[in-house]
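K.L.:
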Amino acid sequence: MIQSIVSLMAIITLAEMSRRANWRYRHEVRLPMQWLLDGTVTRTASRRFALAFIPILLSGILTATVVMSMVLTPRSGQEGFVIPVIALMALLFVGIHAFYLRLIAKSLGGWGK
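Just so you know, we're using full-length UniProt numbering here: the sequence shown kicks off at 1 and counts up by one.
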């Protein structure tokens, strides 16, 4: 039950981050999705797709992980790791999304045009 709450909080956090970024970049038609190591943008996508990709990916992965944690039995001695692992996954995805939004801001030269 707690793992469901943790995953729901992470999904809501990412959705709010994307909603704010969507407003911030409302004048941009396309946003960068992929960069070379030197910072050159190699691929772009529509603004809504670019901002929804990571939250949708997280939703699928966390939902599958939470369902597996409720249905499957952990190995002996690993029962206490279920909630920390889901929380760590959620924090990792929030960090990845924040880094991605930072790369977009850097590529566009600030907080949008």
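Using N, Cα and C, we set each Cβ at its ideal position, and we do this for glycine too.
In the DSSP assignment, the alpha helix (DSSP H) including residue 1 goes from what residue to what residue?
P.N.:
Looking at the DSSP string, residue 1 is not in any alpha helix (DSSP H), and its letter there is neither H nor E.
K.L.:
Take the Cβ of residue 114 as the centre, count every other Cβ of all protein chains shown within 10 Å, and call the residue buried at 16 or more, exposed below.
P.N.:
Nothing about residue 114 can be reported from this structure: the residues present for the chain run from 1 to 113 only.
K.L.:
Rounded C-beta distance between residue 57 and residue 89? I'm assuming under 8 Å.
P.N.:
Rounded, the Cβ-Cβ distance is 12 Å, inconsistent with contact.
K.L.:
For residue 106, tell me which candidate among 33, 10, 73, 66 has the shortest Cα-Cα distance.
P.N.:
Nearest of 33, 10, 73, 66 to residue 106, Cα basis: 33.
K.L.:
Just the C-alpha distance for residue 36 and residue 7, rounded to the nearest angstrom, thanks.
P.N.:
Whole-angstrom Cα-Cα distance: 31 Å.
K.L.:
Using a Cβ distance threshold of 8 Å, determine whether the segment 42-52 contacts the segment 73-91, with at least three qualifying pairs required.
P.N.:
These segments do not touch.
K.L.:
Is residue 26 helix, strand or coil by DSSP?
P.N.:
Coil.
K.L.:
Hey, which unbroken runs of the alpha helix (DSSP H) at 4 residues or more fall wholly within the segment 38-86?
P.N.:
If we require 4 residues or more, the alpha helix (DSSP H) runs fully inside the segment 38-86 come out as 47-71.
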